[in-house]
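Engineer: Residue numbers (my numbering), protein chains in the order written: chain A, 590 to 982; chain B, 193 to 513; chain C, 231 to 471; chain D, 44 to 331.
Next up is a structure, given as structure tokens.
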């Protein structure tokens, strides 16, 4: 009866793969604490995902160097599992599940707004704490209390950046340029409000992500004769090209970046200080000797240079605070308890200084870490310096 | 087994029956285990298989379609938008998520089915990109680049499908429905599709109305993709443009070719293997893509006709020996 | 009945004229041959009549009904079947399945004498073999059998003997005889094999440079000096373009 | 008015780049019947090879461009010979192979060079200004080189025996082979020619734009669009369509902005196909 046998065979073939999934998860030995890192680790935004991973690995290495994380009366060895969530909503959702399957309750990441959107609803199901570094309008909400935010977002800094820029230049109108997806539009809408509050007229221009030549967009933008152009949250590579092409087109006004780190890369891609000329930007954690210690420690602990710049500085406190909260709560399983401890931990990083739990005003929930940050100014091709802004609620 | 039963099975098709059985059995898995990894992978497989069926239906007629994400988006956004009007009845949503993309496919089909071969491939790719842009420029309806989040759970027979287990069970149900539709279509018209796949000039000269079957296949394929979109949105509780990026069609095509295009079991095997591999590789961070690429090379070079095709050929050879 | 009438048919590809002003009538049950040197437009003629290519001018009538420019499947369903120059079967499936598909798509049921035809070609004993595993000659006969299996009134044969061994060519005669007696078909043959044409066709049409050079009984036509000059000097077994 | 001129200048510049890419893409398709998903990967690779030559080996930039072209051509040649060749008639399989290769190329680049943009500047800077219209010098040079490359390609294809052989294979492989052309020799060569062009474009264009992993993806999409518009396998069509795409992209982006601009371009291509299903200069296509 060949027909019947064929059914059997094809059934076996089809179910084999599904059955193969049912292998039991790794058995745990001793006290081992696994934490996750998440973000785009390939493609366009890879540097941010890899910075998250670097931060998680550094925080883990710090406690391991002291013999492990003290949890109750045990010392736990901390390891990091990375997940490439590809800057997509489903990538992050799948990542949450994949990490949950390895018994991971604490995730450093994800990075992008789409990822944050995707992972938020699932954290409750999987009992996981996550730290997103996105600039999404709803980076944290009361509805998903296990989501924390590596702040500040544009809502926290934009006003200070604009006020600082206005001290150096007369800006009555600004054109903002950003990608047309959530990573762009969310920041631009926040920036627009901040500019208007400071009496600056705005126009916004969105481009298709993946655009490589910005000359047409720039021609369009310059037709409105803006006093300044703000590259908002355009990826640093894109922003560098935008700067270069703006200057080639003869634009003489100041160029801003009210949208996150990456100035070094912009400087490199655009062709240097002479091209950049007049530039103001949100500089992330201020470049202080204490912050620089992080780079030295990273090299000492992980045996290689950190190549993520200030991104790593910004991500590190989230990882450190998480481990601290686990230690204080004395549990590696009770996520609710860890979250509760975390919300009340004092915000004081050995390298970044004193900060606050912000977010109440913008999001209605104070789950955003905000440390001192800097506003950088380059004028006439010379770096004027970075002004330190203390966090305030 | 008596001759009548054998005849019936042969008429219905062994592979088709196996495929349906696989999904019937899959209902048991969420009831037997609580393992999050299995839930997660299985849920992705359930979504992926449905989307891959949509590609596979077109492959039955030798048409390689990149348009699946566009129709998935139509189905998914239909559900998300309905959710905003508090429509959460599972039956209504299932019908809508099938019907909306299928209806849109009718005029689109008239446009793109005139094209053959690689033109069809490239144009469907353009269609998927247009859909992305349409989402971006219609923030009022689709939430633009932010998508629509907080989609309410579907309501099946008065019960909200909220827990992980219920979501997965519902995904299994949608996959079973998609399998039934796909199996019924490709089995009932197997001769027509096979003739078009192999030699549409000859088929037409023998009197087959080729465009009619191509149109039918395209419309059903669009509807099935819509079901995949529904399943995905239901899993994420969010309809987001990044879920329907044109580039994900590459995954579904890879699933069906790696699994094998000759049998309906191909998409199932291909999707299961590749989704599993993706999850395995996902924790290898930046090397995930490369590992995926290597896997594609290996399967294409080592298993011509895909996995199911190769296994079938192997068995046939052994039987002949 | 199903008389095939061609009126002033013309076909151009861009500036290239394939044929023009072509008129003839094929009576129900009739049989005619079309000959001409390579590139005379013989295959294109079949393509245009069967709807595969649109004509640039002129009309095609079947049984008095204008079928010009109809799609291939429609013309096929109205009763005009064609065979192809190269072997043309569904290669990956069995002989049985090939025949079954032709019968299914033709939608007229199994035509009279189909099984006897298969027997005559010795295809009956190879029904379960995959069609592209058959010897070339048999594949060709299968292609012919499939054209007949849709139950046509008119059969257009495109170089049925091309590629066949001398010894196999008698099967073409048998096929033509069979479809005329059992199916009542009229047959139009495009062919290079002059023996075959002479043997079979009571009437032949000679095409040259897109025009009808001669039309009549083989004995008369083939004796004409212009026909000999235009065509017979260049007889060969090559397939035309 | 100056916006109008500006858009024209930008459009022609874009068109020249797109033409080099699309010519290679359509060459591979026309001759081998392979839809090359790795085309963007070769573009990216060209950029990185040139960068390595300049920054790592200290080569002069023009020399680096040549090296990049040769290196990508060599990789294309090997890829065709070793992987594509055995499966040449299975269009789906070759499509998947090129996709797999693309994923591997991007991963290798990411692993070696890291995720951030490279510091890779064009050796010539500055721009010509005429009133409010400007023309960057570097763009002018790239445009010139692109046009020269297109001209060279045209000479090779239409004035040499190799070119005649390649075109004969593209027209009809069976006839070409019957005439004694040897696909085993010519196919890898055609593939290498096309990937070399992509590498050349990458080496030329990435320094004036940016060089990072992921710059290959939009290249693939644009090549698709251009080739559809021009007519598959038609070299003249690809060149013509490249300039049309470049100009339409420039004008729509300047007058309607980024998102709408892209949408207009896509819809335009779709509409064209309604009226001319074989593209501007295409003929009937073989099945895929």
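Where is the CB? At the ideal position from N, CA and C, for every residue including glycine.
1. Strictly under 8 Å for the Cβ-Cβ distance: is residue 466 (chain C) near chain B by that measure?
2. Can you find a C-beta in chain A that's less than 8 Å from the C-beta of residue 159 (chain D)?
3. Does chain B have any CB closer than 8 Å to the CB of residue 676 (chain A)?
4. Along chain B, in chain order, which residues have C-beta atoms closer than 9 Å to that of residue 306 (chain C)?
5. Look at the alpha carbon of residue 707 (chain A) and the alpha carbon of residue 715 (chain A), and state the distance between them as a whole number of angstroms.
6. Got a sec? Which residues, its chain only, sit under 7 Å from residue 340 (chain C) by beta carbon, not counting five neighbours each side?
7. Does the Cβ of residue 213 (chain D) have 16 or more other Cβ atoms within 10 Å, making it buried, or fewer, making it exposed?
8. For residue 136 (chain D), name the three-state secondary structure that DSSP assigns.
9. Relative to the alpha-carbon of residue 183 (chain D), which residue among D:231, D:195, D:248 has its alpha-carbon at the smallest distance?
10. So if DSSP puts residue 666 (chain A) in a beta bridge, which residue, or which two residues, is it bridged to?
11. What are the boundary residues of the alpha helix (DSSP H) that includes residue 116 (chain D)?
12. Since residue 250 (chain C) is in the beta strand (DSSP E), which residue starts that stretch and which ends it?
13. Using a Cβ cut-off of 9 Å, which residues of the region 119-152 of chain D contact any Cβ in chain B, in chain order?
14. Would residue 309 (chain D) pass as an interface residue toward chain B - the criterion being a Cβ-Cβ separation below 8 Å?
15. Among the residues of its own chain, which have a CB less than 7 Å from the CB of residue 412 (chain C), if the five just before and after it don't count?
16. What is the C-beta distance between residue 300 (chain B) and residue 319 (chain B), in whole angstroms, given that I count them as a contact (C-beta under 8 Å)?
17. Using a cut-off of 7 Å between C-beta atoms, extract the partners of residue 721 (chain A) located in chain B.
18. At least one CB of chain C closer than 8 Å to the CB of residue 208 (chain B): is that the case?
19. Report the residue ranges of all alpha helix (DSSP H) runs contained in full by the region 281-358 of chain C; include only those spanning at least 4 residues, in chain order.
20. Determine the DSSP secondary structure at residue 315 (chain B), reduced to helix, strand or coil.
21. Use the C-beta contact count for residue 761 (chain A): other C-beta atoms within 10 angstroms, 16 or more gives buried, fewer gives exposed.
22. Residue 420 (chain C) bridges to which residues according to DSSP?
23. Going by the CB atoms, is the gap between residue 975 (chain A) and residue 961 (chain A) shorter than 8 Å?
24. So which of B:213, B:462, B:436 has the shortest CA-CA distance to residue 448 (chain B)?
25. Return the chain-ordered ranges of every beta strand (DSSP E) run that is complete within the region 426-490 of chain B and spans a minimum of 3 residues.
26. Taking three-plus beta-carbon pairs below 8 Å as touching, is the region 937-945 of chain A in contact with the region 872-891 of chain A?
27. When the Cα atoms are used, what is the spatial distance from residue 77 (chain D) to residue 264 (chain D)?
28. Please check if any C-beta of chain D sits within less than 8 Å of the C-beta of residue 388 (chain B).
29. When we look at the beta-carbon of residue 737 (chain A) and count the other beta-carbons within 10 Å, is it buried (16 or more) or exposed?
30. Using alpha carbons as the reference points, say which of C:272, C:287, C:277 lies closest to residue 237 (chain C).
31. Alpha carbon to alpha carbon, what distance is there between residue 779 (chain A) and residue 371 (chain B)?
32. Using alpha carbons as the reference points, say which of B:254, B:230, B:248, B:280 lies closest to residue 689 (chain A).
33. Can you pull the chain B residues whose beta carbon is under 7 Å from the beta carbon of residue 332 (chain C), in chain order?
34. Check the Cβ-Cβ distances between residue 479 (chain B) and every residue of chain D, and say whether any is below 8 Å.
35. Alpha carbon to alpha carbon, what distance is there between residue 958 (chain A) and residue 636 (chain A)?
36. Residues of chain D with CB under 7 Å from residue 826 (chain A), in chain order?
Structural biologist: Reading from the atomic positions:
1. Residue placement at residue 466 (chain C) is flagged as unreliable, the pLDDT there being 46, under the threshold of 50; the coordinate-derived value follows with that caveat. Answer no: the Cβ-Cβ gap between residue 466 (chain C) and chain B never drops below 8 Å.
2. yes
3. yes
4. 396, 397, 398, 399, 400
5. 13 Å
6. 333
7. buried
8. helix
9. D:248
10. A:621
11. 104-122
12. 246-256
13. 126, 129, 130, 133, 134, 135, 136, 137, 138, 139, 140, 142, 143, 144, 145, 146, 147, 148, 149, 150, 151
14. yes
15. 342, 343
16. 7 Å
17. Here the premise fails: no neighbours, minimum Cβ distance about 14 Å.
18. no
19. 302-308, 325-336, 344-350
20. helix
21. exposed
22. C:264, C:388
23. no
24. B:462
25. none
26. yes
27. 16 Å
28. no
29. buried
30. C:287
31. 46 Å
32. B:230
33. 398
34. yes
35. 21 Å
36. 160, 253, 255
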